[in-house]
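Participant: Protein chains in written order, with this note's numbering: chain A, 9 to 210; chain B, 9 to 210.
Take this structure first; my questions come after.
Protein chains: 2
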Amino acid sequence: MPRQVDHDERRRQLTEALLRIASTRGLQAVSMREIAAEAGVSLRVVQYYFTNKQALLESGLTELGARMDRRVKQRAAAAAGELTPRDVFAVVLDAALPSDEQSRLDSMAWTAYYTAALTDPALAAVGLTLPNVLENFLTVRLTAAQQAGDIAPDRDPRTEVAGLLALANGLTSSVLSGQRSHEAATKIINYQLDRLFGPVAA
Amino acid sequence: MPRQVDHDERRRQLTEALLRIASTRGLQAVSMREIAAEAGVSLRVVQYYFTNKQALLESGLTELGARMDRRVKQRAAAAAGELTPRDVFAVVLDAALPSDEQSRLDSMAWTAYYTAALTDPALAAVGLTLPNVLENFLTVRLTAAQQAGDIAPDRDPRTEVAGLLALANGLTSSVLSGQRSHEAATKIINYQLDRLFGPVAA
DNA sequence: CCCGTTAGGATACAATTGTATCTATTCCGG
DNA sequence: CCGGAATAGATACAATTGTATCCTAACGGG
Numbered sequence: 009m010p011r012q013v014d015h016d017e018r019r020r021q022l023t024e025a026l027l028r029i030a031s032t033r034g035l036q037a038v039s040m041r042e043i044a045a046e047a048g049v050s051l052r053v054v055q056y057y058f059t060n061k062q063a064l065l066e067s068g069l070t071e072l073g074a075r076m077d078r079r080v081k082q083r084a085a086a087a088a089g090e091l092t093p094r095d096v097f098a099v100v101l102d103a104a105l106p107s108d109e110q111s112r113l114d115s116m117a118w119t120a121y122y123t124a125a126l127t128d129p130a131l132a133a134v135g136l137t138l139p140n141v142l143e144n145f146l147t148v149r150l151t152a153a154q155q156a157g158d159i160a161p162d163r164d165p166r167t168e169v170a171g172l173l174a175l176a177n178g179l180t181s182s183v184l185s186g187q188r189s190h191e192a193a194t195k196i197i198n199y200q201l202d203r204l205f206g207p208v209a210a
Numbered sequence: 009m010p011r012q013v014d015h016d017e018r019r020r021q022l023t024e025a026l027l028r029i030a031s032t033r034g035l036q037a038v039s040m041r042e043i044a045a046e047a048g049v050s051l052r053v054v055q056y057y058f059t060n061k062q063a064l065l066e067s068g069l070t071e072l073g074a075r076m077d078r079r080v081k082q083r084a085a086a087a088a089g090e091l092t093p094r095d096v097f098a099v100v101l102d103a104a105l106p107s108d109e110q111s112r113l114d115s116m117a118w119t120a121y122y123t124a125a126l127t128d129p130a131l132a133a134v135g136l137t138l139p140n141v142l143e144n145f146l147t148v149r150l151t152a153a154q155q156a157g158d159i160a161p162d163r164d165p166r167t168e169v170a171g172l173l174a175l176a177n178g179l180t181s182s183v184l185s186g187q188r189s190h191e192a193a194t195k196i197i198n199y200q201l202d203r204l205f206g207p208v209a210a
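Given below as structure tokens:
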């Protein structure tokens, strides 16, 4: 075998270049040549490692989902020790919000992809799994919390979770558009968590 | 003067053609020629009534904002008679959700524009006014409702309103992506309104 | 040592884009 | 009734796009 290259690594570099463009100039600014330039390679290389643009776009969305997942798990680990149910929600929901520069960029790209997925079924298939996974994960947790008496029995866990995730999504939009700061968004999340779990002082 | 044409009317037709494309195939599918074809006119006509594409795009966003505004007012009028504060919130928030086919299409276009505005300051300027107007309007109403004793005194009207609007935004996204039905979204809104105002039975 | 496969450079191609220009038609005021 | 302004058709243009092709260089197994 002749010259060997780590294809996965190459693809990762190109995917990251793609996401850098998407998160700063939008998905409509993503072209094969722009990706090549951003990654510092020739157009041919981009073509060589991805059969076409669609495959590249799907790879970008997959990577974004993986990053979100990593972010949540990382934060959960950072907040080591025993996590109260409320802590779990605070961590997960806050991880969805743009906080530092990197998560802001990822949120930008995520929003761009979300919109693109509305008119591109192939992207929709890739992009809808993460939200559903999150929703199910949190619903299980909240149901358990209710049985443990951590939240009032007249609450509906499924509805509460759906509402909180939609809230986090909406807040993300408003933060990205500059309508609200990250801190303001966090406050709103915490306000709602107080209502659900009772004030933190408890 | 030679042949006279109603410029405003012409521009309206073209703007509507633009929105039809944006709401079904996305903003990236909007080109001068596509608009011309959709409106049944020649490319030259599109060029004649709009100085450039950017002007057309801004006109589309302005029209979208006007439609949202109209929809809210129309529903508020339909629910004639005395509106309780809760009714006002139910009407406004539900108007933001995609219910019938037309509002679904408008929500699609709105989402596309929202994303485009994240990387296009000119669009951002046009698009951010409506959300802010809504937020202020509802905050005034909720503050009044609180003084009238319709909601608990320990609630923060500004935070509640911001949360509800962000919730509606997030729900809109999930409805558009097919993750949730309109009815499911309405249920979540009503669930939250119950928590805020107390159950409707009251 | 050298052949064949892998990796990529260089370039081509047709399609689509926004915008500009040139021209023809319409039709009202004088 | 006719000249000039308003409207619009036809076409052109350069730029950018995704994709395809041609060719060269590298290099490990035989």
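Even for Gly, the Cβ is constructed at its ideal location relative to N, Cα and C.
(1) So with CB distances below 7 Å, who are the chain A contacts of B/R33?
(2) Any idea if B/E102 is buried or exposed, counting beta-carbon neighbours within 10 angstroms, 16 or more meaning buried?
(3) Give the DSSP-derived three-state secondary structure of B/I159 in the structure shown.
(4) Looking at the unbroken alpha helix (DSSP H) that takes in B/L136, where does it start and where does it end?
(5) Can you name, in chain order, every residue of its own chain whose Cβ lies under 7 Å from the Cβ of B/E168, other than the five neighbours on each side?
(6) Could you tell me if B/E17 is buried or exposed, where buried requires 16 or more neighbouring beta carbons within 10 angstroms of its beta carbon?
(7) Compare the Cα-Cα distances from A/T194 to each of A/V99, A/S185, A/R83, A/L26 and report the closest residue.
(8) Note the first and the last residue of the continuous alpha helix (DSSP H) segment covering B/Q110.
(9) In whole angstroms, what separates the C-alpha of B/V38 from that of A/S111?
(10) Go through its chain and collect everything with a Cβ distance to B/R41's Cβ below 6 Å, but skip five positions before and after it.
(11) Return the Cβ separation of B/L22 and B/I43 in integer angstroms, given the expectation that the two are a contact with Cβ distance under 8 Å.
(12) In chain A, what lies closer than 8 Å to B/S189 by C-beta?
(13) What separation, rounded to the nearest whole angstrom, lies between the Cα atoms of B/A87 and B/Q154?
(14) Which residue from B/R188, B/L172, B/S185 puts its Cα closest to that of B/N198?
(15) Output the distance between the C-alpha atoms of A/A132 and A/Q62, rounded to the nearest integer angstrom.
(16) Would you mind telling me which residues of chain B sit closer than 7 Å to A/A132, beta carbon to beta carbon, in chain order?
(17) For A/N144, would you say it is in contact with chain B, using Cβ-to-Cβ distances shorter than 7 Å as the test?
(18) Whose Cβ in chain B lies nearer than 7 Å to the Cβ of A/M116?
Facilitator: Based on what the coordinates show:
(1) T127
(2) Before going on, a small fix: residue 102 of chain B reads as Asp here, not Glu. The residue is buried, with at least 16 neighbouring Cβ atoms inside 10 Å.
(3) coil
(4) Per DSSP, B/L136 belongs to no alpha helix (DSSP H) and is neither H nor E.
(5) L150, L204
(6) exposed
(7) A/V99
(8) 109-125
(9) 30 Å
(10) L51
(11) 6 Å
(12) Residues of chain A passing the Cβ test: none, with the nearest at roughly 12 Å.
(13) 22 Å
(14) B/L172
(15) 13 Å
(16) S185
(17) no
(18) L126
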